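Numbering of the sequence shown is given in numbering that gives the first Met the number 0, commencing with residue 0 and proceeding in unit increments. This report concerns only the one structure given below.
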Amino acid sequence: MEQKSLEQRLRKPWPPLSQLATTAQLADAGLGERVLASALKRGLIFRLRKGVYVQAAQWLRCKPWEQEKLRLFAHVLTVRGEPVYSFFSAARLHGLFIWNCSALVHVTTSSTNSSSSGARDVNPHHETLDASEIEELKLTNGMPLTATTLERTVVDCARMGGFAEAVVIGDHALYKDARIEIMWSIVNAMPQRRGVRRARRVLHALDGKSESPGESRTRLSQAAMKIDQPELQKELIAGDRMYRPDFVWEEQMLIVEFDGDSKYFACERTDKIILEERKREKRLMEMGWRFVRLEWKDLANPEDVKRRVVAAYNAPFLVSAA
């Protein structure tokens, strides 16, 4: 079968509004095992797990975090039984920011013999969940599935993940109206569970005012500095406009801004947004405010971030007469 002809045959049968297709869906569209084998050999499609395929062109356009989510959806499409998605998989299904976390499919079952947890791409957790800790979600195609609630998801990720990684997830959950008191009640009900001490530390560190993973990590970096802690998203008036910088030390007239997460997350800033940011910065600087701007790459060198912020915090400054 010629390459061009095969590519044309592959375009039509993919389900609308979906990047994935199952063996059954493709067979119904006339693409049998021989066609799929040829497409796989030529690199036109990829098999994400047994019975689920994605077109290579679509897969290669996806960001790494989008690919991780597609692998999770592939499990949803092919799993037998009714698993409860949990930990980082539940975080992905809830649309939370995920940074540097497990790409495996996480499911929680009360049985060690569950058919949904035996594959190599699955990390099973054997625990009994209360009915109040699970909920039904729906994919964009309307397909229902069961996952742990936002609050239980945050607690589980905090028990298992790294500190900063779990804070990124928990901050976003609070931003999406998860309730911290419910998280604490879950933690307090599992005093002997593995990772509970780690979870308590994470919950103490959460702040729903952080609007991006970069802001969460910047806040954690500043928390370790021996200076007063900033106010988050404080409203400042310049001229006739109101602004909400990321981190504000009002007495020191100092602002720390985190500039975007576009490399790692779907937080692309348009040219218009960047222009507005520069106008805002100019107005505030005319009033005497000083700025330290950080990018994601800066966070890999916390000592340099500390040096810059502490130096700006301690530097003498003049208040504008305006």
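Beta carbons are placed, not taken as given, at the ideal position from N, Cα and C, and that holds for glycine. Quantities reported herein were computed from a predicted structural model and do not represent experimental measurements.
- Leu19 is the residue among Val247, Leu19 and Asp176 whose C-alpha sits nearest the C-alpha of Ala55.
- DSSP places Asn122 in the uninterrupted beta strand (DSSP E) bounded by Val121 to His125.
- When the beta-carbon positions are compared, Tyr84 and Val53 stay at least 8 angstroms from each other.
- By the Cβ criterion, the stretch 37 to 45 is not in contact with the stretch 69 to 78, since fewer than three pairs of Cβ atoms, one from each stretch, lie closer than 8 angstroms.
- Comparing alpha carbon positions, the residue from Gln24, Pro212, Met159 and Ala222 closest to Glu302 is Ala222.
- By the CB criterion at 8 angstroms, Leu25 and Leu35 fall inside the cutoff.
- Residues Trp98, Asn99 and Cys100 of the same chain have their beta carbon placed closer than 7 angstroms to that of Glu164, with the five preceding and five following residues left out of the count.
- Setting aside the 5 residues that flank it on each side, Glu230 is surrounded in the same chain by Val247, each with a C-beta closer than 6 angstroms to its C-beta; the list follows chain order.
- About 6 angstroms separates the beta carbon of Asp206 from that of Asp170, a gap short enough to meet the 8 angstroms contact definition.
- Looking at the DSSP output, Arg46 bridges to Tyr52.
- Between Leu283 and Leu235, the CB-CB gap stays under 8 angstroms.
- The beta carbon of Glu150 is closer than 7 angstroms to those of Ala177, Arg178, Ile181, Met182 and Ile185 in its chain, skipping five residues each way along the sequence.
- In the DSSP secondary-structure assignment, Leu25 is not bridged to any residue.
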